[in-house]
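S.K.:
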Amino acid sequence: MQEKIFSNLTDTAVQVNLPLVGVVLIGGKSQRMGSDKSQLLCANTTLYQNAANKLSPFCTDIYLSVNKVQALENTYEFPLIIDKYDDQGPIAGLLTCLETLQTPVLFIACDLPFIRDKDIVDLLANRNSAQWCTMFYNRSLSVYEVLLSVWEPSSYKHLLEYYKKGGRSLQKFLSRWNIYKTDVPDENYFKNINTLKEWEAIL
Numbered sequence: 003m004q005e006k007i008f009s010n011l012t013d014t015a016v017q018v019n020l021p022l023v024g025v026v027l028i029g030g031k032s033q034r035m036g037s038d039k040s041q042l043l044c045a046n047t048t049l050y051q052n053a054a055n056k057l058s059p060f061c062t063d064i065y066l067s068v069n070k071v072q073a074l075e076n077t078y079e080f081p082l083i084i085d086k087y088d089d090q091g092p093i094a095g096l097l098t099c100l101e102t103l104q105t106p107v108l109f110i111a112c113d114l115p116f117i118r119d120k121d122i123v124d125l126l127a128n129r130n131s132a133q134w135c136t137m138f139y140n141r142s143l144s145v146y147e148v149l150l151s152v153w154e155p156s157s158y159k160h161l162l163e164y165y166k167k168g169g170r171s172l173q174k175f176l177s178r179w180n181i182y183k184t185d186v187p188d189e190n191y192f193k194n195i196n197t198l199k200e201w202e203a204i205l
């Protein structure tokens, strides 16, 4: 489903960008899928395992960001960070992880099966730790590609303040603060899987 790791590129990325902790975001409701999409299998690998494999060359540790139901119902081979903010979308996972880890975090959502190692290398090459976060921007859709992104510890207090004031949209948060826009390399690789039909189409 995805390309193999570019060992020469990932070795460079690890040296340049350490320390960096990786988190796979799997705590969404998966309502349109009808079941927990993080558990979908392709070539005997679940979507969350596939995402974790993509992060591992770039990160010192890997965590899963999960909701309370997932933590109770499933057994995972990675340490868990359980959402503290119920039913609030991706912002819940980001806030909980930033509060818990207090270190730079490379996030990837489990439902981005087309992401290439090159995309992560390019993202890290554009990382500026003086900024709150680093991610690609899709100009054709006018959206930040939040589901593959690096967030620095300095972002936490600003994101928490936004949340406490009722903010839930990460797009609005990023636009309000005019976060730097790095053009997405190829938007076709950033398509996420939301429905069973979309999933069956790639098998």
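Okay, so the sequence shown: first residue is 3 according to our numbering, each after it adds one.
Glycine residues also receive a C-beta, built at the ideal position from the N, C-alpha and C atoms.
What's the call for T210, buried or exposed, on a 16-neighbour Cβ count within 10 Å?
M.R.: For residue 210 there is no data in the structure shown, the boundaries of the chain being 3 and 205.
S.K.: Which two residues bound the contiguous alpha helix (DSSP H) that contains I122?
M.R.: D119 to A127
S.K.: So for S177, helix, strand or coil by DSSP?
M.R.: helix
S.K.: If you check the beta carbons only, do N76 and Q51 fall under 9 Å apart?
M.R.: Not closer than 9 Å, so no.
S.K.: Is A111 helix, strand or coil when you go by DSSP?
M.R.: The three-state secondary structure of A111, taken from DSSP, is strand.
S.K.: The ligand FAD and Y158: does the residue's C-beta get closer than 8 Å to at least one heavy atom of that ligand?
M.R.: Among the components of this structure there are no ligands whatsoever, and the ligand FAD is therefore not found.
S.K.: Could you tell me if K56 is buried or exposed, where buried requires 16 or more neighbouring beta carbons within 10 angstroms of its beta carbon?
M.R.: buried
S.K.: Between the Cα of D113 and the Cα atoms of A203, G24 and K193, which residue gives the shortest distance?
M.R.: Looking only at A203, G24 and K193, the smallest Cα-Cα distance to D113 is reached by K193.
S.K.: Can you tell me which of the three DSSP states N140 falls into?
M.R.: strand
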